[in-house]
Every structure is written in C-alpha cells, then in structure tokens.
Amino acid sequence: MNQALVAAAEEAPREADLAFECLYRANRDDVYAYAAGLLRDRAAAEEVTATAFERAYRKRSRFDPGRGEPRAWLFGIARNAALDELRRRGRHAELAADPADLLAERPDQSAEQAERRLALAAALATLDPRERELIALKFFAGLSNQEIAAVTAVSESNAGTRLHRAVTKLREACDGLL
Amino acid sequence: MDSSRDDEKLATALQELRPTPREEFAAELDERAAAGFPRHSRLGGLLERLRSTPPRKVLLPVGALAATVLVLGVVVAGVNSGGGDSAEQSNLPFLSGAAAEEEAESGGGEATTASQEATTESLESSAGDEAASGASAPSSSGSAAATGTSKRSIERSAEIEIGTAPAEVSDAASRVSAIVHANRGIVQRSSLDEDDGEARAEFELLIPSGKLGDALAEFSELGDVLSRNEATADITAPTVSTAERLQDSRARIDSLLGQLADATTEAERETVEAELRAERRHAARLRARLADLKRRANLSRVSLRIVSDGGTASGSSWGVGDAFHDAGRLLAGAAAVAIVVLAVLAPVALLALLAWLLHRAWLRRARARALS
Chain H
1 MNQALVAAAE EAPREADLAF ECLYRANRDD VYAYAAGLLR DRAAAEEVTA
51 TAFERAYRKR SRFDPGRGEP RAWLFGIARN AALDELRRRG RHAELAADPA
101 DLLAERPDQS AEQAERRLAL AAALATLDPR ERELIALKFF AGLSNQEIAA
151 VTAVSESNAG TRLHRAVTKL REACDGLL
Chain R
1 MDSSRDDEKL ATALQELRPT PREEFAAELD ERAAAGFPRH SRLGGLLERL
51 RSTPPRKVLL PVGALAATVL VLGVVVAGVN SGGGDSAEQS NLPFLSGAAA
101 EEEAESGGGE ATTASQEATT ESLESSAGDE AASGASAPSS SGSAAATGTS
151 KRSIERSAEI EIGTAPAEVS DAASRVSAIV HANRGIVQRS SLDEDDGEAR
201 AEFELLIPSG KLGDALAEFS ELGDVLSRNE ATADITAPTV STAERLQDSR
251 ARIDSLLGQL ADATTEAERE TVEAELRAER RHAARLRARL ADLKRRANLS
301 RVSLRIVSDG GTASGSSWGV GDAFHDAGRL LAGAAAVAIV VLAVLAPVAL
351 LALLAWLLHR AWLRRARARA LS
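Protein sequence lines correspond, in order, to chains H and R. For the first sequence, our numbering assigns the number 1 to the initial residue and increments by one for each residue that follows. For the second sequence, our numbering assigns the number 1 to the initial residue and increments by one for each residue that follows.
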C-alpha cells in the first residue's frame, strides 16, 4: 500500500503528500519506540523522530520503490538520525536519562507487573547497543526480519541470527523473572 | 517447547515495555506533518548549527576549505603564468617547431618564456613598440637575460584574410607587393588563382618587425578583413644562450690557437688542429643559428590571403553565405567559451564530488562506530 502511494511522488505531488501522510500515520509511534528503545532518552527520541520524518518528507521524491519498502526506507532514515544523535553526544547509547522516565508506571499495573517491567528494562540495559537496536526494531517497532535486514544493511539470515542471539541473551539476563 | 513459550512471554513483555510518545509531542509532530514540515530559515538553521558545533569542529573544515582555495589559486596562477608552451605549438604553426628546438637547445629549464599571445587589432598600437624591441638583437653577453634589464627578443607573426570582389582580387594582389616593398619587406611566396568568377591570392611575407603594424593596417585597407590573428613568441632565452655558447666557442678557438703555437711535436700539432677544426665547425653552426634567431626577431612572418569566395567587396550586400559564416563564427565562439567554462568548472566539480564521497564514507564509518 505504502509502496504504491510513495511511488507516485514524482508524478503527482498531492498524491505524494497523501502517501507520505499515510506513511507517517502508520509509523509515527513505531519510529518513536525504536528511537526511544535505542537511545533510552525521551527527549532525544522525540528529536530523532521529528528529524527522521522531516528528512523523509524532504527526500520523499527520491524514494525508489525498486530498492525496497517505504517502511524500511523510513527506518533507514530514522536509524541514521539516531546514530547521528549518538555520535553528536559523543557517547555510545549510554543512559542519558532515568530508564524509569521511559517506563512510567501504569496505574492499571500491579506492583508485581511493575517489578517485571523494571527487571526487563534492566536486562535490556545489559545488552550492547547493536543488540538493543535489534530488539527495538523487532519488538518495539514491529519490523519483520526482512525489514530489519534492509534497515541494518545485512542479509535476512544474518539479521535473523543476530536477533536470535540478542533474544537469547536477553532471556538469560531476565533469568526466570518473566 | 519451553523455550518457545519463554520467547512468547518475552515478546509479550517487550511489547508491553514498548515506549510510546507523549501526547503533546505526538500532537505537535502531527501539526508539523500536516503543515509539510515547514523549514526554519536556512540562515537561522545554519547559525544555530554553527553555534551548537564545537569550535574545533568548525575550524577544521574551514581550514581545509581555505587550504583548498589557496591550492586552487596557486594552480590557476601557475597555469596562467607557465601554460604558454603548449599553446604556442598549436597556435603558431610556423614558429612552434623552431621555438621548441631553441628551447631544447637552451637547456629547457632556463627562463625561456616562449609566451605567445593572439592579439586583436586593438593591440596593434603596442605591436610597433614590441617589434622594435624584437628588432634589436640581444647583446652577446648573457648577463642581460639574467638581469632582465635588456630588451627582449620577440618573434612575431600574423595571419590575415581579406575578402574582396572577385574582380578586385588581382588588383589587391598587386597592391600587396607595393605595400611590402614600401615597408622594406620580402615576398617569400605568392600565388594568384582565378577561376569561374572566383579568385584567390596567397602570400607568405617577411616584414620588418618594426613596421608590422603599419603593414597590417595597409593590408586591412585592401578589402574586408575576414580574420586577423597575431602572435608573438619570446625568443630572448635561446638567443642569449646561443650568443653565450658562440662566445665560449670563440674563446676555445683562441685557446686552441695558443696551444697550436706552443705545440712542439707533430703529433701534438695534429691533435690540436683536429680539435680546432671541430671547434670552428661548431662556432659556424652557432653563428648561423644566432643569425637565424636575429632574423626571426627582425622580420615578422605574415600569411596573407585575399579571397573572393564569401568575401564582401565594398558595396555588395550581406547574403546567406555570410549568414552561415557569421553563424559558424558565433557557434565557434560559444563553443570556446563553453570549453573555458568547462575547464574551470570540471576540476571544481571533481573536487566537490570527491569531498562529498569522502564525507559520505566518513559519515558511514562514524555511524557504524556510534553503535560499537
């Protein structure tokens, strides 16, 4: 759906705008979730999300459907923005804010559930940034392995293997807490 | 089985952990998206970025840019001051070979500035002065060239094409001879072809350099000037070099004569005489070369053509052929300008492309490092 809509960018500007709007609506929260999961900083994630959509909007006429899906293209842009943010801050996905800031307690949760959430967040923090990025792409943004492969510029099987390793490591870090 | 159930539980837990954007942020971003992500002013954005960038990160690219501009300036200056050699060979057909030979003989590395310039009629007034300086032979001492205070030895040449009515070509050709003789010049070669109402006359002339300007002005009055090109080549260095070598040769001959007088044995005398003969031959060659160089400085070569084909005699109207001719010249001029522009822009574009590629590669690596 998105592909057809975005592909029309050069031919009909109005249709291109509509296509971009669809892409934006469908992916706004996913892009934010990915950025927040990788950066672990709400303000930075918001900045990266806004930057990513702005860049994508400016480049929308240059999108080539022959080279991939719009969603993967958008996440490629978001990834570059996130990595630029990491680079600019001169640190490597270190905590910039209290993770609790990202994991605000939900009123409907029991104390036990809240504890599990914190334990999982702590386990996520033990992963290295590359692994955390894969988890964020898969479980926060909901990308398929094929899309993750396109975003991270590796083969699909490689992406699957890396993701499996990251999940295994995360499960071990949780150590029966879930 | 357990592992699979664990994975499912983990996936569910992770999805519960999924960060969600604040409502205020989402609303603000929605507004910006609906407005097409309006740009902040470019200047303001640039200043903001500059302010947020550490000085050391600004100084490096600015320094690199300044260095590039400096290098480009030096290269351009170098090309302008030293690029005459090859141009001379292509634009100066009957001087190029000789000048190159002289340069080679003078050692190549000397200050042989065989610069040549195609001049227009507007430069004619200065031609006489330069020719006068060219007409004066260089002193036999080489120090003059070294100090740069002596008059230069300049070789000049010109090509001129005159258009006139077919019936007037013959008359114009006879007036050429009169002009040449009046200016104490020499007609080296001349030809006149008349056929089916078309006529063409060609001349190869030698005109005293001091009178080249006057002669060209008189030739221009024979009809319409269709084209006129003048060129100069500085042959001071080969002239001075040859004169120095001749002086050395003469000194060597004097020395050998002294040795001959002092020779006591027949064998010794024969050896010295053989050397003397060789040195005298060498001196003769140098004298001939020096005379040739002086002649080239004193006499300018002029190639003159008088044509009726396409030429417009006085009173005749401008026709289709003239239109084609003018169009061709215009196109040639435009092509020349385009080539010059291309020559300037191509290296700049290449540098920009290189810088862009380097920046992309650097950015890719920097992003990869950000995750490691």
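Just so you know, even glycine gets a beta-carbon here, dropped at the ideal spot from N, CA and C.
Inset, instruction - Flag Arg18(R) as yes if its beta-carbon sits less than 8 Å from any beta-carbon of chain H, otherwise no. - result: It does; some Cβ of chain H falls within 8 Å.
Legend entry - Short Cβ contact (8 Å threshold) for Leu299(R) with Pro238(R): If you check the CB distance, Leu299(R) and Pro238(R) do not come in under 8 Å.
Inset, instruction - Determine, using beta carbons only, whether Leu123(R) comes closer than 8 Å to chain H. - result: Low local confidence applies: a pLDDT of 33 at Leu123(R) is under 50, so the model's placement there is unreliable, with the coordinate-based value given in what follows. By this cut-off, Leu123(R) is not an interface position.
Inset, instruction - Return helix, strand or coil for Leu222(R), following the three-state DSSP convention. - result: Leu222(R) sits in coil when the DSSP states are folded into three classes, being neither helix nor strand.
Legend entry - Residue-level contact to chain H via CB, Trp362(R), 8 Å cutoff: By this cut-off, Trp362(R) is not an interface position.
Legend entry - Euclidean distance between Cα positions of Arg28(H) and Leu137(H): Cα atoms of Arg28(H) and Leu137(H): separation of roughly 14 Å, rounded to the nearest angstrom.
Legend entry - Candidates Glu115(H), Ala52(H), Gly160(H) and Leu38(H): closest to Ser144(H) by CA position: Nearest C-alpha to Ser144(H): Gly160(H).
Inset, instruction - With Phe203(R) as the anchor, note down where its beta strand (DSSP E) starts and where it stops. - result: From DSSP, the beta strand (DSSP E) with Phe203(R) extends over Glu198 to Pro208.
Legend entry - DSSP-derived helix/strand/coil call for Leu256(R): Helix, per DSSP.
Legend entry - Neighbourhood of Leu134(H) by C-beta, 7 Å cutoff - its chain only, sequence neighbours within 5 removed: The residues are Ile148, Arg162, Leu163 and Ala166.
Legend entry - Validate contact between the segment 195-210 of chain R and the segment 257-272 of chain R using beta carbons, cut 8 Å, 3 pairs: Here the segment 195-210 of chain R does not lie against the segment 257-272 of chain R, with fewer than 3 beta-carbon pairs under 8 Å apart.
Legend entry - Terminal residues of the beta strand (DSSP E) in which Val187(R) lies: Segment Ile186 to Asp195, the beta strand (DSSP E) holding Val187(R).
Legend entry - Spatial distance of Asp7(R) from Leu39(H) (CA atoms): In this structure, the CA atom of Asp7(R) is about 24 Å from the CA atom of Leu39(H).
Inset, instruction - Work out the CA separation of Asp248(R) and Ala343(R) for me, nearest whole Å. - result: Looking at the two C-alpha atoms, the distance is approximately 46 Å.
Inset, instruction - Within the same chain, show all residues whose beta-carbon is closer than 7 Å to that of Val225(R), passing over the 5 residues directly before and after it, in chain order. - result: Taken in chain order, the residues that qualify are Ile160 and Ile162.
Legend entry - According to DSSP, residues forming a beta bridge with Asn229(R): DSSP links Asn229(R) through a beta bridge to Glu159(R).
Inset, instruction - Whole angstroms is fine: what's the gap from Ala52(H)'s alpha carbon to Val341(R)'s? - result: Approximately 39 Å between the Cα atoms of the pair.
Legend entry - Cβ-based neighbour list, Thr271(R), same chain, cut-off 7 Å, excluding 5 preceding and 5 following: Spatial neighbours of Thr271(R) in its own chain (CB-CB distance under 7 Å, excluding positions within 5 residues in sequence) are not present.
Inset, instruction - Determine the contact status of Asn183(R) and Lys211(R), defining contact as a CB-CB distance below 8 Å. - result: Lys211(R) is positioned such that its CB atom lies closer than 8 Å to that of Asn183(R).
Inset, instruction - Kindly give me the distance between the Cβ atoms of Ile306(R) and Gly197(R), rounded to whole angstroms, as I take these residues to be in contact under 8 Å. - result: Taking a contact as a CB-CB distance under 8 Å, the pair Ile306(R) and Gly197(R) does not count as one, their CB atoms being some 15 Å apart.
Legend entry - Whole-angstrom distance between Glu16(R) and Ser110(H), CA atom to CA atom: So the two alpha carbons sit approximately 14 Å from each other.
Legend entry - For Ser170(R), the first and last residue of its enclosing alpha helix (DSSP H): Its alpha helix (DSSP H) spans residues Pro166 to Ala182.
Inset, instruction - Using a Cβ-Cβ cut-off of 8 Å, state whether Leu74(H) counts as contacting chain R. - result: No, Leu74(H) does not count as interfacial toward chain R.
Inset, instruction - Would you list the one or two residues that DSSP bridges to Ser155(H)? - result: Answer by DSSP bridge pairing: none, since Ser155(H) is not bridged.
Inset, instruction - Quick one: give me the first and last residue of the beta strand (DSSP E) that Arg305(R) is part of. - result: Following the DSSP letters along the chain, one finds Arg305(R) inside the beta strand (DSSP E) bounded by residues Leu299 to Val307.
Inset, instruction - Hey, could you find the ends of the alpha helix (DSSP H) Arg22(R) is sitting in? - result: For Arg22(R), no alpha helix (DSSP H) encloses it, and the DSSP letter there is neither H nor E.
Legend entry - 6 Å Cβ shell around Phe75(H) - same chain, five flanking residues per side excluded: So the qualifying residues of the chain are Val151.
Inset, instruction - Would you mind listing the beta strand (DSSP E) stretches within the segment 20-79 of chain H that are 3+ residues and don't spill past its ends, in chain order? - result: Correct list: empty.
Legend entry - CA nearest to the CA of Arg296(R), picked from Ala278(R), Val240(R) and Ser157(R): Of the listed residues, the one whose Cα sits closest to Arg296(R) is Ser157(R).
Legend entry - Gly328(R): first and last residue of the uninterrupted alpha helix (DSSP H) it sits in: Element bounds for Gly328(R): Val320 to Ala370.
Inset, instruction - Return the chain-ordered list of same chain residues with a C-beta closer than 7 Å to the C-beta of Ala283(R), the five sequence neighbours on each side being excluded. - result: Leu246, Ser249, Arg250 and Ile253.
Inset, instruction - Have a look at Ala56(H), Ala26(H), Glu156(H) and Cys22(H) and flag the residue whose alpha-carbon is nearest the alpha-carbon of Phe37(R). - result: Cα-wise, what sits closest to Phe37(R) is Ala56(H).
Legend entry - Residue range of the alpha helix (DSSP H) that includes Ala125(H): Note, Ala125(H): alpha helix (DSSP H), Ala111 to Thr126.
Legend entry - Separation of Tyr32(H) from Ala123(H), as counted between CA atoms: Answer to the nearest angstrom: the Cα atoms are 21 Å apart.
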